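In this text, residue positions in the sequence shown follow the numbering used here: the first is 143, and each later residue adds one. I have placed the structure first, in the form of structure tokens, so that the comments after it can refer back to it.
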Amino acid sequence: MKRVKSALVLVSLALFLFSGCYGKFQLTKELYQWNGSLGGRAANSAVMWIMMIVPVYAAVGAVDFFIFNTIEFWTGSNPITMGEFEHQETIVVKDTETYKIAASQNRMDISLLSGPRTGQTVSLVYNAAEESWYAQDKTGSIKVAEVREDNVLEIFNPDGSSFVYNTETGAIGCMAK
């Protein structure tokens, strides 16, 4: 179980590392459009200033960048833009291993189709109530990322330590177990 969880977390972290693509930033766009629909220019401006000071825009932008654009990079579709019953799959080949990545709203399933661990599957599932992402396999689930109230996106490592990104200051760091 520990080895599987370590592998799952490493795959999850690798997905975050490949988030350098330029995506739609759909969540950020939807927040901006909502802000623009509140009323007149003064109301829109006041709400924008509040959301900049409280760093709502920074938090939403970080989640868009680290989570949703990564999923969009691998699957070609952003789960924010996906409807409840939409589903998209893509095949990724890396060296001797072939993976199937299936994305739907708030979920991404990664299955190994060929290679030494053929048949192994992991799912990344978003829990909206907790604002957290979980890696799940047949042995259980483990939290791999969460958006905290203190403007921090925290990504968990297999050893219990975590990588954090402060959406307010832009600071990046590691936290001990």
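Heads up, the beta-carbon is just placed ideally off N, CA and C, and yes, glycines get one too. Fair warning: this is a prediction, and the values are worked out from it, not measured in the lab.
With a beta-carbon spacing of about 18 Å, E239 and S265 fall beyond the 8 Å limit used to define contacts.
The segment 288-303 makes contact with the segment 199-213: 3 or more CB pairs, one atom from each, lie closer than 8 Å.
Taking the Cβ atoms as the reference, E273 lies roughly 13 Å from V286, outside the contact range of under 8 Å. Note that the C-beta distance between A244 and E228 is not below 7 Å. In the DSSP assignment, N299 falls outside any beta strand (DSSP E) and carries neither an H nor an E.
Here N308 is buried. Its C-beta has 16 or more other C-beta atoms within 10 Å.
As the crow flies, the alpha-carbon of Q175 is around 26 Å from that of W275. Proximity to T170 across R249, E291, A188, F210 peaks at F210, based on C-alpha coordinates. Secondary structure note for T170: its alpha helix (DSSP H) is the uninterrupted segment 168-178.
Of G302, V306, F215, the smallest CA-CA separation from F167 is found for F215. Ranked by Cα distance from E291, the first of S303, A271, T260, T263 is A271. Judged by DSSP in its simplified three-state form, A287 adopts strand. Within a 10 Å sphere around the beta-carbon of I213 sit 16 or more other beta-carbons, which makes this residue buried.
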